[in-house]
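What follows is one structure encoded as structure tokens, with my remarks underneath.
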Amino acid sequence: MNLQSEFLGIKSPNPFWLASAPPTDKEYNVRRAFEAGWGGVVWKTLGLDPNIVNVNGPRYGAVWGPDRRLLGMNNIELITDRPLQINLDEIKVVKKDYPDRAVVVSLMVPCEEECWKSILPKVEETEADGLELNFGCPHGMSERGMGSAVGQVPDYIEMVTRWVKSNTRMPVIVKLTPNITDIRYPARAAFKGGADAVSLINTVASIVSVNLDTFSPEPSINGKGTHGGYCGPAVKPIALNLVSQIARDPETQNKDISGIGGVTTWRDAAEFLALGAGNVQVCTAAMTYGFGIISELTSGLSNWMKKKEINSISEIVGKAIPNVTEWQYLNLNHVTKAQIDQDLCIKCGRCYAVCEDTSHQAITKTINGERGFEVIDEECVACNMCINVCPVENCITMRDLEPGEIDKRTGQTVSDKYANWTTHPNNPSSIKAAE
Amino acid sequence: MSNTKLSPGIVSSRLSKEEYSNNFSDAYPGFTDYEAKVEADRCYFCYDAPCISACPTEINIPLFIRQISTEMEEEAAKTIFDQNILGGMCARVCPTETLCEEACVREAAEGKPVKIGRLQRYATDSIMSQNIHPYIRNDNNGKKIAVIGSGPAGLACSHRLSMLGYDVEIFESKSKAGGLNEYGIATYKSVDNFAAKEVDWLLKIGGIKINHNKTLGVDFSIDELRKSYDAIFIGCGLQDTNKISIDSDTDQSIEDAVDFIADLRQINDFSSLPIGRNVVVIGGGMTAIDAAVQSQLLGAEKVTIIYRRNLENMSASKKEQNNATSKGVKIITNAIPTSINKQNGVHKLSLSYTEVEKQSGKLKELDQKFSIEADQIFCAIGQKFNNLLDVFKSNKGKIMIDESCKTSVENVWAGGDCVDQGEDLTVTAVAQGRDAAEAIHKSIISK
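Protein chains in written order, with the numbering used here: chain A, 1 to 435; chain B, 1 to 447.
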């Protein structure tokens, strides 16, 4: 399967780029990534000299599952802490040696046009494929008026993007922060300023844990901590939603999006693509398992495409978007009921506990006097919590009631007609037929 | 090592020092912190969890496992001890595969139950290894209770009574406390003198005095005790064993497996204990398994268990059977010993095969016979009660008790192996001792 990807005209052998982050900090790492098979990199954010410094204590905090599986991570690392010229020189040789891979350079300089004007020609000189403007980093740099401090103000996004576009020939991706109220505003601003694409999400402002002995947030530097940027599998749902919102917004639909946020497996990547991302960027998964996961990502995605008879990445992009809608348009006449497969049930009773204590009292704890769990159709609102807590896959499923069947909970006959909240009699502003 | 596995007869020192120490080290060592956390995560925290009702002491297992998963092993231990003050020993010796772990829904789901026993050991070790005793005794209420026997039933009863404010005096026939925990458990299940340490830890509650070398019927009587104490609890266990008689034209005697196991627990130097080159153990319960496995571990060349019925009828669990066979023990089923004789200086045990008659269900000796070499023969066909029965109403040769563990005699309660209720397990004895204490308390305060 050909996974060839083209994003803003930038070609790469697959749609998996490494995000701007520690894995792309220097030539050595990037060469290893390309040897492993990664399609492209966004080089770790460059800034102006003198180069910034990092803390000399821990930079990362983590949330683990019980088997030490890294579920989420946060960091307080800043942009590159190496002199600008060293990075530029390395970018140039790497791009020359790997002409078929995407090399995009992430930038963050103060909000003054002169600063951007000074750095852009230097980056162009590396013959990198494009730029990514880091308006997303929520820690450290934001205190200095950069990163998410820009990304949280749509006017600044537009202004800076315009400066950049008017001073370079290179394609420009604007990287957005999720630490906002409505992602559509910063996205619109980026495109208004001339951005060729947006990428999201950057990390989520976070404190991952508090040390209950020292009462310091983690990671702790000499007894003090600060908020960091949260990433990894835990943030994927947030990222998927924000990507989809931009893909659906009439003002930004059909614009290019690079999807970022907790991509760990090929499946995650396919989901981002389906919600409108043209490619994906990966960081935490690589930082957890090393670059070797690219083989799983590419083989998994191409195998799935083969099974689905999808011939190119572009066919996946946005495939799920028509099915993303507002709550008010969901079909209220669609009725389902939970059902428990008694052969698969191991009788743990988790469904009963959750339904009885926290939901709708729609599951019995005995069947004919014996320990056993069964759905009471008269009470079941099909909330799905029993499925969420059941440890056995497919033991509890939702059955769609056929039109004409009686919903035992409401006593109503299931209709085959679509009807949503906008026309519901309980809706004070429902659209009534003209009298 | 003066002898080897192949040295004929019954001799000591068959193995090297290292072999002995390896063989009798902790068979199922405790979990590390990490192992415990990973295993704890497997628990589903079931509603009305089946493991709880499968435990004779009804420990809130999902709760203590959740406490382990949140790194609160001391609280987990407390959850266990609240129900079972001998939770430390039970974690080592309970046949969990037929109790909590058999009931675990993950056993039904995937045949791999949560390792509840080992998690329990992790939790209880955390507190016992620091020598923390988490209970404080109520103010002394001036009442005195006599407890006969310091085994699991007597100890559990004494501890609960002491907590409730009673002064307890235990009468123990042996020089050490602990009962079968001290004398009756395979050495590799209770290493580092754990049984004795557990007794010391339990007695930290205070208010419990143990009188050693005091045997019921010899040094004192129930009637005497009834005069000086407000109530009596009997947890004296079973003192006698069932014997087997086999025709023999030799001087070879059949030894008691119970004594062999007790001897092993009390010696420090395993090389001093003689063991046969060819050992035969007769029986199908845990005593038979423990005797056979430990014979093998002492360096016997061939160890054979002879059981008269089939594997499914053995009271030793499948896990214990597998443990025995994995150590090299051979289990011969459907066979009974008939005679012993000596050929060319070697003892031979002759056996007949058996079969269960379909109609009557009775065991029938068949004509087919065989023989095996048997330098040493242990008998492990059950223990029995030996006295007192004229005082108490009895059932199946044991003291009859009601649901509150009360005997037919006024102010006398009983529990453990000497009573007619429940299986002969440490955990059952603990439950009965505990419940009897509560019943005694209820009876006294209602007077």
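Glycine is no exception: its CB is placed at the ideal position from the N, C-alpha and C atoms. Bear in mind the structure is a predicted one, so any value in this text is a computation, not a measurement.
Practice task
Report yes or no: do three or more beta-carbon pairs, one from the region 312 to 321 of chain A and one from the region 272 to 279 of chain A, lie closer than 8 angstroms?
Solution key: yes
Exercise for the section: Grab the span of the beta strand (DSSP E) containing Lys-318(B) for me, first residue to last. Expected result: On the second sequence, residue 318(B) is found 318 positions in, with the first residue counted as 1. Per DSSP, Lys-318(B) belongs to no beta strand (DSSP E); it is in the alpha helix (DSSP H), 318 to 326.
Problem - CB contact check: Lys-69(B) to chain A, cutoff 8 angstroms - result: Numbered from 1 along the second sequence, position 69 holds the residue referred to as residue 69(B). In the sequence under discussion, the amino acid at residue 69(B) is Ser, which differs from the Lys named in the question. It does; some Cβ of chain A falls within 8 angstroms.
Problem - Beta-carbon separation (whole angstroms), Val-430(B) vs Pro-152(B), contact threshold 8 angstroms - result: Translated into positions along the second sequence, residue 430(B) becomes position 430. Translated into positions along the second sequence, residue 152(B) becomes position 152. That pair is a contact at about 5 angstroms.
Handout entry: Anticipated Cβ contact below 8 angstroms, Ala-338(A) with Val-375(A), distance rounded
Key = Position 338 of the first sequence holds residue 338(A). Position 375 of the first sequence holds residue 375(A). Between Val-375(A) and Ala-338(A) the Cβ distance is about 5 angstroms, and since that is below 8 angstroms, they are a contact.
Exercise for the section: Only counting runs of 4 or more residues, tell me where the alpha helix (DSSP H) segments fall wholly within the region 277 to 328 of chain A, in order along the chain. Expected result: 284 to 289, 293 to 307 and 313 to 316
Exercise for the section: Out of Met-141(A), Gln-152(A), Thr-181(A) and Ser-199(A), point me to the one whose CA is closest to Val-172(A)'s CA. Expected result: For this step, residue 172(A) is matched to residue 172 along the first sequence. Minimum Cα distance to Val-172(A) is reached at Ser-199(A).
Problem - Strand pairing of Trp-413(B), partner residues [DSSP] - result: For the purposes of this step, residue 413(B) is taken as the residue at position 413 of the second sequence. DSSP output for Trp-413(B) lists Phe-233(B) and Lys-406(B) as bridge partner(s).
Problem - Three-way DSSP call (helix, strand, coil) for Asn-395(B) in this model - result: Indexing the second sequence from 1 puts residue 395(B) at position 395. Here Asn-395(B) sits in strand by DSSP.
Problem - Complete runs of the beta strand (DSSP E) confined to the region 340 to 374 of chain B [at least 3 residues] - result: 346 to 356 and 363 to 373
Problem - the region 102 to 119 of chain B: positions lying closer than 8 angstroms to chain A by Cβ - result: Val-105, Arg-106, Ala-108 and Ala-109
Problem - C-alpha distance - Asn-29(A) paired with Pro-23(A), whole-angstrom precision - result: Mapped onto the first sequence, residue 29(A) falls at position 29. Mapped onto the first sequence, residue 23(A) falls at position 23. Using only the alpha carbons, I get a separation of about 6 angstroms.
Exercise for the section: Assess, as a yes-or-no matter, whether the region 341 to 349 of chain A is touched by the region 359 to 374 of chain A under the definition of 3 or more beta carbon pairs within less than 8 angstroms. Expected result: yes
Practice task
For Cys-100(B), decide whether its Cβ has a neighbour in chain E, counting only Cβ atoms nearer than 8 angstroms.
Solution key: This model lacks chain E altogether, as its protein chains are A and B.
Exercise for the section: Could you round the C-beta distance between Arg-277(B) and Glu-301(B) to whole angstroms and report it? I think they count as a contact, below 8 angstroms. Expected result: What you label residue 277(B) is simply residue 277 of the second sequence in a count that begins at 1. What you label residue 301(B) is simply residue 301 of the second sequence in a count that begins at 1. Correct: roughly 5 angstroms between the Cβ atoms.
Problem - Proximity of Pro-66(A) and Val-419(B) at Cβ, strictly below 8 angstroms - result: In the first sequence, residue 66(A) corresponds to position 66, counting from 1. In the second sequence, residue 419(B) corresponds to position 419, counting from 1. No, they are not a contact pair.
Handout entry: As assigned by DSSP and simplified to three states, the class of Pro-99(A)
Key = Position 99 of the first sequence holds residue 99(A). DSSP places Pro-99(A) in coil when its eight states are reduced to three.
Exercise for the section: Determine the extent of the alpha helix (DSSP H) in which Arg-399(A) is found, giving its start and end residues. Expected result: Walking along the first sequence from the start, residue 399(A) turns up at place 399. That residue, Arg-399(A), is in no alpha helix (DSSP H); its beta strand (DSSP E) goes 396 to 400.
Exercise for the section: Anything in chain B within Cβ reach of Lys-347(A), meaning under 9 angstroms, just list it in chain order. Expected result: Position 347 of the first sequence holds residue 347(A). What Lys-347(A) touches in chain B: Cys-46, Pro-50, Val-105 and Ala-108.
Practice task
In the DSSP assignment, find the unbroken beta strand (DSSP E) run with Ala-62(A) in it and report its ends.
Solution key: Within the first sequence, residue 62(A) is the residue found at index 62, counting from 1. Start and end: 60 to 64.
Handout entry: Cβ distance (whole Å) where Lys-393(B) is taken to contact Ser-408(B) below 8 angstroms
Key = Taking the second sequence and counting its residues from 1, the one referred to as residue 393(B) is at position 393. Taking the second sequence and counting its residues from 1, the one referred to as residue 408(B) is at position 408. The pair is a contact, with the Cβ atoms about 4 angstroms apart (cut-off 8 angstroms).
Problem - Nearest-angstrom Cα separation, counted from Ser-12(A) out to Glu-6(A) - result: Taking the first sequence and counting its residues from 1, one reaches residue 6(A) at position 6. Taking the first sequence and counting its residues from 1, one reaches residue 12(A) at position 12. C-alpha separation (whole angstroms): 6 angstroms.
Exercise for the section: Assign Gly-229(A) to one of two classes, buried (16 or more other C-beta atoms within 10 Å of its C-beta) or exposed (fewer than that). Expected result: The residue labelled residue 229(A) in the question sits at position 229 within the first sequence. Per the 10 Å Cβ criterion, buried.
Problem - chain A contact for Asp-41(B) (CB, 8 angstroms cutoff) - result: Counted from its first residue, the second sequence places residue 41(B) at position 41. It does: the Cβ of Asp-41(B) has a partner Cβ on chain A nearer than 8 angstroms.
Exercise for the section: Note down, in chain order, each residue of its chain lying with its Cβ closer than 7 angstroms to the Cβ of Lys-224(A), except the 5 sequence neighbours on either side. Expected result: For the purposes of this step, residue 224(A) is identified with residue 224 of the first sequence, where counting begins at 1. Hits under 7 angstroms: Ser-216.
Practice task
Would you give the residue range spanned by the alpha helix (DSSP H) that Glu-101(B) belongs to?
Solution key: Within the second sequence, numbered from 1, the residue matching residue 101(B) stands at position 101. Glu-101(B) -> alpha helix (DSSP H) spans 100 to 103.
Handout entry: DSSP three-state assignment for Trp-201(B), whether helix, strand or coil
Key = Looking up residue 201(B) in the second sequence gives position 201. In this structure, Trp-201(B) counts as helix in the three-state DSSP scheme.
Exercise for the section: Would you kindly check if the distance between the Cβ of Ile-68(B) and the Cβ of Ala-123(B) is under 8 angstroms? Expected result: Within the second sequence, the letter at position 123 stands for residue 123(B). Within the second sequence, the letter at position 68 stands for residue 68(B). Yes.
Handout entry: Limits of the beta strand (DSSP E) - the one that Glu-370(A) falls within
Key = Position 370 of the first sequence holds residue 370(A). That run of the beta strand (DSSP E) goes 370 to 375.
Problem - Chain-order list of residues whose beta-carbon lies under 6 angstroms from that of Pro-50(B) (same chain, five-residue window excluded) - result: Within the second sequence, residue 50(B) is the residue found at index 50, counting from 1. These residues qualify, in order along the chain: Ala-103.
Practice task
Answer yes or no: the CB of Gly-345(B) versus the heavy atoms of the ligand MG, is any distance below 7 angstroms?
Solution key: Within the structure as shown, the ligand MG is missing, as the structure has no ligands at all.
Practice task
Taking a Cβ distance cut-off of 7 angstroms, strictly less, list which residues of the region 373 to 397 of chain A are near chain B, in chain order.
Solution key: Pro-391 and Val-392
Exercise for the section: Measure the Cβ-Cβ separation of Ala-156(B) and Cys-100(B) and say whether it is below 8 angstroms. Expected result: Taking the first residue of the second sequence as position 1, residue 156(B) is located at position 156. Taking the first residue of the second sequence as position 1, residue 100(B) is located at position 100. No. Outside cutoff.
Exercise for the section: Using a Cβ-Cβ cut-off of 8 angstroms, state whether Arg-69(A) counts as contacting chain B. Expected result: The residue labelled residue 69(A) in the question sits at position 69 within the first sequence. So no, Arg-69(A) is outside the interface.
Handout entry: Neighbour flag for Val-11(B) against chain A, beta carbons, 8 angstroms
Key = Sequence index remark: in the second sequence, residue 11(B) carries index 11 (1-based). No, Val-11(B) lies away from the interface with chain A (no Cβ there is under 8 angstroms from its Cβ).
Handout entry: Within-8 angstroms CB hit, Ala-353(A) to chain B
Key = Here residue 353(A) corresponds to residue number 353 of the first sequence, with the count starting at 1. So yes, Ala-353(A) belongs to the interface.
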